[in-house]
Amino acid sequence: MKLSVNGSQVDVAAAPDETLLWVLREKLKLTGTKFGCGMAQCGACTVHIDGKAARACQVRMAAVEGKKVTTIEGLLPDGNHPLQRAWIEEQVLQCGYCQSGQIMQAAALLRETPRPTKAQIVQHMNGNLCRCGTHGRIVRAIQRAAGGLGSSGCVAPCSKAVSPWPRNSRAATSSPARPA
Ligand code: FES
Ligand code: FES
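Have a look at this one:
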């Protein structure tokens with residue numbers, strides 16, 4: 003089956019009903035894309051297909067034949083994408099498991115909306131869960147990458163102490179309570 007992965011043409015032995023996630027991880031050894039829920043509910047497996055964010059755990063190989071797939075390894079070959087720099091500057095990571103999916107989801111937003119509002123960021127990222135609770139720093143990193151942070155490091159009004167993540171029903175049932 004032929005497709006483009008991170009700018010290279012690949013011909014991979016895969017059944018049409020295999021999921022893209024497992025082909026990426028097991029056959030192409032691109033393990034930056036993570037398995038979380040396997041049900042399109044967490045975003046850990048987010049990649050780009052023809053420039054759009056997609057949940058690789060739900061995409062069958064038949065659907066990507068001839069298309070362009072980009073994983074976190076191919077976002078920018080030297081790992082110097084503005085989002086990756088912003089992620090470091092905002093010290094977003096905790097365990098890191100969800101973060102490649104978060105960055106790929108964010109990159110899709112900035113491609114279409116280079117200067118998103120905070121509300122647009124929150125809405126776009128709402129389906130990407132983080133059990134470590136890094137959502138506030140994720141929003142700030144996206145704002146930083148988009149050039150939306152002032153010299154104080156704050157947008158107006160300063161959002162440093164504010165959790166920007168709306169609790170939808172899915173997030174509410176998936177997020178563990180913080181220990182006291
Ligand atoms: S593993 Fe694909 S959305 Fe959770
Ligand atoms: S950083 Fe641990 S799950 Fe997001």
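Numbering (my numbering), first residue to last: 3 to 182. Yeah, the Cβ is synthetic: ideal placement off N, Cα and C, and Gly gets one too. On a predicted model such as this, the values are computed, not experimentally measured, just so you know.
- For the pair ARG133 and ALA88, the CB atoms are not nearer than the 9 Å cut-off.
- DSSP places LEU5 within a strand segment (E or B) once states are collapsed to three.
- Ligand 2 never approaches GLY138 closely enough for any of its heavy atoms to be under 8 Å from the residue's Cβ.
- In this structure, the alpha-carbon of PRO18 lies about 9 Å from that of GLU67.
- For ALA55, the secondary structure class from DSSP, reduced to helix, strand or coil, is strand.
- Shown here, ARG133 sits in coil according to DSSP, grouped into three states, outside any helix or strand.
- Sequence-distant Cβ neighbours of LYS120 in its own chain, meaning closer than 6 Å and more than five residues away, do not exist here.
- Buried is the label assigned to MET127, since at least 16 other Cβ atoms lie within 10 Å of its Cβ.
- Residues of the same chain with a CB within less than 8 Å of the CB of ILE105, apart from the 5 flanking positions on each side, are ILE74, LEU77, HIS83, LEU85, GLN86, TRP89 in chain order.
- Here the alpha carbons of ILE144 and GLY9 stand approximately 24 Å from one another.
- Bounds of the alpha helix (DSSP H) holding VAL124 are 120–127.
- Looking from the CA of GLY53, the closest CA among GLY149, ARG142, VAL7 belongs to VAL7.
- Any heavy atom of ligand 1 counts here; residues with a Cβ closer than 6 Å to one of them, in chain order, are PHE37, GLY38, CYS39, GLY40, ALA42, GLN43, CYS44, GLY45, ALA46, CYS47, ARG57, CYS59.
- Residue environment for LYS36: buried (at least 16 other C-beta atoms within 10 angstroms of its C-beta).
- Closer than 8 Å to some heavy atom of ligand 2: that describes the Cβ of GLN96.
- Boundaries cannot be given for GLN43, as no beta strand (DSSP E) includes it and DSSP labels it neither H nor E.
- CYS59 is the residue among CYS59, GLU91, LEU26 whose C-alpha sits nearest the C-alpha of GLY40.
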